[in-house]
Amino acid sequence: MSHYAPLFTFIVEHGFYDSGLAHGLSFKPCERSASVMLNAGLMVKPVVGGIAVLFDEKLSESLQLYIEDDEPLDLLFKIYPEEASFKSRTRVAIDNDDEMVLYVSNHLFRAEVDGRIKLHSGSFISMDDAIRMDSDSLVDVLDRKEKVIPPFLVVSFRIDKADLEGIGAPSGVAPKSYYIRVEERQVFWKYYLMGSLVRDNIYLSDVDGVAEFVPMGKEQLADHREAMIFRSKKKLPLKASFDYRFQLKEKDSNGEKVIIKRLPMAEVTRFGREVIDGSSEVVSEIYINC
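18 is the number of the first residue of the sequence shown in our numbering; add one for each residue after it.
The following block contains the structure:
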């Protein structure tokens, strides 16, 4: 009976999700890596936010032969988001026309952080980690279709003798734990207040003083309704759930009055684009009608 021991883990952290771990990612080994894994007794196990690569201790000699070969043993995985909204939740984005793809490898860069190994130099993965699709590192990795619609990320793990020493033995040596950090998208928030909320004496307030909203005046919408507009002064992050406490208030001769105690938050389903300070920016549009 086979006994599988962990060789290494790889986790994708993502700031959008409450758990801090990415959801809905598919990890697909390239064709050569899939063949090597089959012959060397390696198995991929999904874990929350990533994968664990295990090896069959009975076939450790087969794995050792691959490692001792003159050609380095590199396992490459292509990572695809299973949800279309993943791109809307993620700050780093690559235009398909650029013929680039995000790429990290444990033999190009690695930084140990609290016992784990980060595979990019910045705080988050970024365009600095992108390489051309025709790079030597990606030979026979991407097929024709994948060069048109590339994966979110390609990650390469080089396995050497040191990775096997003590793993799965009574020595208690822990398998390596690799990770990357993906930053959540940040956009301007724009509130459209309609109906009875179209008043000159209203304003938006953040109870915690984190965000500031600028009145943009009134605007005639496509359906001829009038809306009072407020836009965040700076970009704000998109999250699965928020701690923000934005309120709509009214000010008159009697003082201030809270009209809406907690305004709805931005979603990843409704975006617009406008020029702000000379730059084309994505804006999350939030409509409220009372």
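All C-beta atoms, glycine included, are put in the ideal place defined by N, C-alpha and C.
**Asked** Measuring from the CB of serine 140, is there a heavy atom of the ligand COA at a distance below 7 Å?
**Response** The model depicted lacks the ligand COA and carries no ligand whatsoever.
**Prompt:** Looking only at DSSP bridge pairs, what is tyrosine 208 linked to?
**Reply:** Within the sequence shown, numbered from 1, the residue matching residue 208 stands at position 191. DSSP lists Phe247, Ile303 as partners of tyrosine 208.
**Request:** State the beta-bridge partners of valine 29 as determined by DSSP.
**Result:** The sequence position of residue 29 within the sequence shown is 12, counting from 1. Secondary-structure assignment with DSSP links valine 29 through a beta bridge to Ile197.
**Request:** Using only alpha-carbon positions, find the residue among Tyr208, Lys256, Glu229 that is nearest to lysine 235.
**Result:** In the sequence shown, counting from the first residue as 1, residue 235 sits at position 218. Of the candidates Tyr208, Lys256, Glu229, the one whose C-alpha sits nearest the C-alpha of lysine 235 is Tyr208.
**Nonlocal neighbours in the same chain, by C-beta distance under 6 Å from serine 173, ignoring five residues either side** = As a first step, residue 173 must be located in the sequence shown, where it is residue number 156. Same-chain partners within the cutoff: Asp91, Leu93, Ser122.
**Prompt:** Whose CA, out of Tyr304, Phe141, Leu255, lies closest to the CA of methionine 245?
**Reply:** Against the sequence shown, residue 245 aligns to sequence position 228. Closest option to methionine 245, Cα to Cα, is Tyr304.
**Item:** Among Asn56, Ala69, Ala239, Ala51, nearest to lysine 75 - alpha-carbon criterion
**Value:** Counting from one through the sequence shown, the residue named residue 75 turns up at place 58. Lysine 75 has its Cα closest to that of Asn56, out of Asn56, Ala69, Ala239, Ala51.
**Segment limits, beta strand (DSSP E) that includes arginine 290** = Numbered from its first residue, the sequence shown carries residue 290 at position 273. Here the beta strand (DSSP E) through arginine 290 covers 288–293.
**Message:** Only counting the same chain, and skipping five residues up and downstream in sequence, which positions put a Cβ closer than 7 Å to that of lysine 62?
**Reply:** Here residue 62 refers to the residue found at position 45 of the sequence shown. So the list reads Ile68, Ala69, Leu71, once near-sequence residues are dropped.
**Request:** Using only alpha-carbon positions, find the residue among Met233, Arg202, Asp177, Ser270 that is nearest to proline 89.
**Result:** If you number the sequence shown from 1, residue 89 lands on position 72. Nearest Cα to proline 89 within the set Met233, Arg202, Asp177, Ser270: Asp177.
**Message:** Can you check which of these residues, Lys252, Val64, Lys164, is closest to arginine 108 by C-alpha distance?
**Reply:** Your numbering for residue 108 matches position 91 in the sequence shown. Per the Cα distances, Lys252.
**Asked** Under the rule that 16 or more other beta-carbon atoms within 10 Å means buried, what is arginine 161, buried or exposed?
**Response** In the sequence shown, the residue the question calls residue 161 occupies position 144. It is exposed - the Cβ of arginine 161 has fewer than 16 other Cβ atoms within 10 Å.
**Item:** Three-state class that DSSP yields for methionine 60 in the structure shown
**Value:** Taking the first residue of the sequence shown as position 1, residue 60 is located at position 43. The answer is strand: DSSP assigns methionine 60 an E or B state.
**Buried versus exposed call for isoleucine 166 [16 or more other C-beta atoms within 10 Å across all chains shown]** = As a first step, residue 166 must be located in the sequence shown, where it is residue number 149. Exposed is the call here.
**Message:** Is it buried or exposed, cysteine 47, if we count other Cβ atoms within 10 angstroms and call 16 or more buried?
**Reply:** Counted from its first residue, the sequence shown places residue 47 at position 30. Buried, because 16 or more other Cβ atoms sit within 10 Å of the Cβ of cysteine 47.
**Message:** Report the start-end ranges of each alpha helix (DSSP H) in the region 95–144 that is 4 residues or longer and not cut off at the edges.
**Reply:** Listed in chain order, the complete alpha helix (DSSP H) runs (minimum 4 residues) inside the region 95–144 are 103–106.
**Asked** Under the DSSP definition of a beta bridge, which residues are partnered with serine 43?
**Response** Taking the sequence shown and counting its residues from 1, the one referred to as residue 43 is at position 26. Bridge partners of serine 43: Tyr97.
**Asked** Between the region 222–233 and the region 191–200, do at least 3 Cβ pairs fall closer than 8 Å?
**Response** no
**Prompt:** Rounded to the nearest angstrom, how far is the Cβ of valine 65 from that of leucine 24, given a contact under 8 Å?
**Reply:** The residue given as residue 65 occupies position 48 in the sequence shown. The residue given as residue 24 occupies position 7 in the sequence shown. 18 Å between Cβ atoms; not a contact.
**Item:** Coil, strand or helix - glycine 233 by DSSP
**Value:** The sequence position of residue 233 within the sequence shown is 216, counting from 1. At residue 233 the sequence reads methionine, which differs from the glycine that was named. Looking at methionine 233 - three-state DSSP - the assignment turns out to be strand.
**Message:** Quick check on the burial criterion: 16 or more other C-beta atoms within 10 angstroms. Buried or exposed for alanine 283?
**Reply:** The sequence position of residue 283 within the sequence shown is 266, counting from 1. Counting Cβ neighbours within 10 Å, alanine 283 comes out buried, since at least 16 surround it.
**Request:** Could you tell me whether the region 219–228 touches the region 287–306, using the rule of 3 or more Cβ pairs below 8 Å?
**Result:** no
**Item:** Simplified DSSP state of alanine 191, which is helix, strand or coil
**Value:** The residue you call residue 191 lines up with position 174 of the sequence shown. Alanine 191: coil per DSSP, three-state reduction.
**Message:** Please classify arginine 216 as buried or exposed, where buried requires at least 16 other C-beta atoms within 10 Å of its C-beta.
**Reply:** As a working mapping, residue 216 is identified with position 199 in the sequence shown. That one is exposed.
**Message:** Rounded to the nearest angstrom, what separates phenylalanine 126 and threonine 26 at their Cα positions?
**Reply:** Translated into positions along the sequence shown, residue 126 becomes position 109. Translated into positions along the sequence shown, residue 26 becomes position 9. So the alpha carbons of these two residues sit roughly 17 Å apart.
**Asked** So what does DSSP say about tyrosine 83, is it helix, strand or coil?
**Response** Here residue 83 is taken as the residue at index 66 of the sequence shown, counted from 1. It is helical.
**Request:** Give a yes or no on whether the C-beta atoms belonging to tryptophan 206 and arginine 262 are separated by under 8 Å.
**Result:** Translated into positions along the sequence shown, residue 206 becomes position 189. Translated into positions along the sequence shown, residue 262 becomes position 245. Not in contact: tryptophan 206 and arginine 262 (Cβ atoms no closer than 8 Å).
**Message:** Would isoleucine 219 and leucine 265 be called neighbours here (beta carbons separated by less than 8 Å)?
**Reply:** In the sequence shown, residue 219 corresponds to position 202, counting from 1. In the sequence shown, residue 265 corresponds to position 248, counting from 1. A contact, by the Cβ cut-off of 8 Å.
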